[in-house]
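These notes concern the structure reproduced below.
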Amino acid sequence: MYKIVEKEILAPNIFSMDILAPRVANSAKPGQFVIVITDETGERLPLTICDYDKEKGTVQIVVQSMGSSTKKLAAFEKGDYLKDFVGPLGVPSEYVNEDVEELKKKKMLFVAGGVGTAPVYPQVKWLHEHGVEVDVIMGAKTKDLVILEDKLKSVAGNLYVATDDGSYGFHGLVTNYIEDLVNNQGKEYDVCIAIGPMIMMKFVALTTKKLNIPTVVSLNPIMVDGTGMCGACRVTVGNETKFACVHGPEFDGHLVDFDEALKRQGQYKTEEIKKDEAYKCELEEARK
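Per my numbering, the very first residue in the sequence shown carries number 32; after that it's consecutive.
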């Protein structure tokens, strides 16, 4: 059992949890994820790691409550226990194994969309702690959905915020901001790391390809076991089949077949809606 030692509401339907999991905290590296099981009837939830503290033995996750499983997790409070907290899983970000002095010479741009800001933070934090300063674009639909701004501001070289509706920061999509920085502000980048909704990463990759900026994306396909056994998370990268849970989650964004990935991501939408409705009925019955 894994104790929830902190819980914080970050935005409407978005919350963070600090979980006491010393072994995971001690082994975690930027780019990795965990699988959470709430209780005996809970599904396996793959969630990216937002932060980890080796001394306290805690791991922070950020969750957007959308379907029945994440809504169930959202009902847990500080002091409650989760049945399982498995990780760290996946391959750490490539730069973790690169020479730090060489990294300092690179001009790096991170693009975070929505709750994709959560996994971007530990990467930028790790680089900052090793003396590497990077630029970060945070994107959200509206100001109320901008999360972790202060945390990112403390570790990023430059932090740029964009909102779709113009309610905060740059008015436009993150792709518009990338083009503005490069074409109008004279910015140059050696690599871009994009993490967010699949559709956002697709268009970031299309944009950076035009600008000749090598790009890494962190894929979030349907995932079940997290060990490569089920094959649910398979994606096509450079005409080869890869499993996001063991070969990724990070891949060359210019080689990913995003159309296939998006199609697979949406194939269980009807079942998800039915399960969410069933969960609502269970809640109503429990309240009677």
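Glycine residues also receive a C-beta, built at the ideal position from the N, C-alpha and C atoms. None of these values were measured; they are calculated from a predicted model.
Burial state of residue i, where buried means 16 or more other Cβ atoms lie within 10 Å
i: R54; result: exposed
i: E86; result: exposed
i: P43; result: exposed
i: S185; result: exposed
i: M32; result: exposed
i: T131; result: A small fix is needed here, since residue 131 is Val in this sequence, not Thr. Exposed, since its Cβ has fewer than 16 Cβ neighbours within 10 Å.
i: T79; result: buried
i: I178; result: buried
Pairwise C-alpha distance: residue j and residue i
i: Y310; j: N215; result: At Y310 the pLDDT is 48, less than 50, meaning the model places this residue with poor confidence; the figure from the coordinates comes in the next sentence. Distance between the alpha carbons of Y310 and N215: 49 angstroms.
i: P153; j: S124; result: 11 angstroms
i: E133; j: D221; result: 12 angstroms
i: E129; j: K136; result: 12 angstroms
i: K34; j: L242; result: 46 angstroms
i: M14; j: K218; result: Residue 14 lies beyond the stretch modelled for the chain, which goes from 32 to 319, so this question has no answer here.
i: V167; j: T239; result: 15 angstroms
i: G118; j: L212; result: 37 angstroms
i: A292; j: M229; result: 8 angstroms
i: L76; j: V67; result: 5 angstroms
i: A193; j: T173; result: 9 angstroms
i: D290; j: S96; result: 25 angstroms
i: L51; j: I244; result: 39 angstroms
i: S41; j: Y199; result: Residue identity differs from the one stated: residue 41 is Leu in this sequence, not Ser. Rounded to whole angstroms, L41 to Y199 spans 16 angstroms at the Cα level.
Proximity below 8 angstroms, CB of residue i to CB of residue j
i: V266; j: L286; result: no
i: Q63; j: G147; result: no
i: I92; j: V127; result: no
i: V248; j: F274; result: no
i: I45; j: M139; result: no
i: G188; j: V165; result: yes
i: D49; j: K114; result: no
Delimiting residues of the beta strand (DSSP E) encompassing residue i
i: V93; result: 89-95
i: T267; result: 265-268
i: V142; result: 139-144
i: L76; result: 76-84
i: F234; result: Element bounds for F234: not the beta strand (DSSP E) but the alpha helix (DSSP H), 229-241.
i: V277; result: That residue, V277, is in no beta strand (DSSP E); its alpha helix (DSSP H) goes 275-278.
i: V67; result: 64-68
Among the options, the one whose alpha carbon lies nearest that of residue i
i: V142; options: H159, D49, F234; result: F234
i: T206; options: G227, A187, S198; result: G227
i: G197; options: K34, M48, Y208; result: Y208
i: E108; options: G284, A171, E39, T72; result: E39
i: S100; options: D84, G88, F116, G73; result: G73
i: S58; options: S47, V67, R75, D84; result: D84
i: L183; options: V151, G284, H202, A193; result: V151
i: P61; options: V36, S47, G200, C81; result: C81
i: A105; options: H159, V163, E37; result: E37
i: D175; options: E160, L158, D195; result: D195
Range covered by the alpha helix (DSSP H) that runs through residue i
i: I209; result: 205-210
i: D181; result: 180-184
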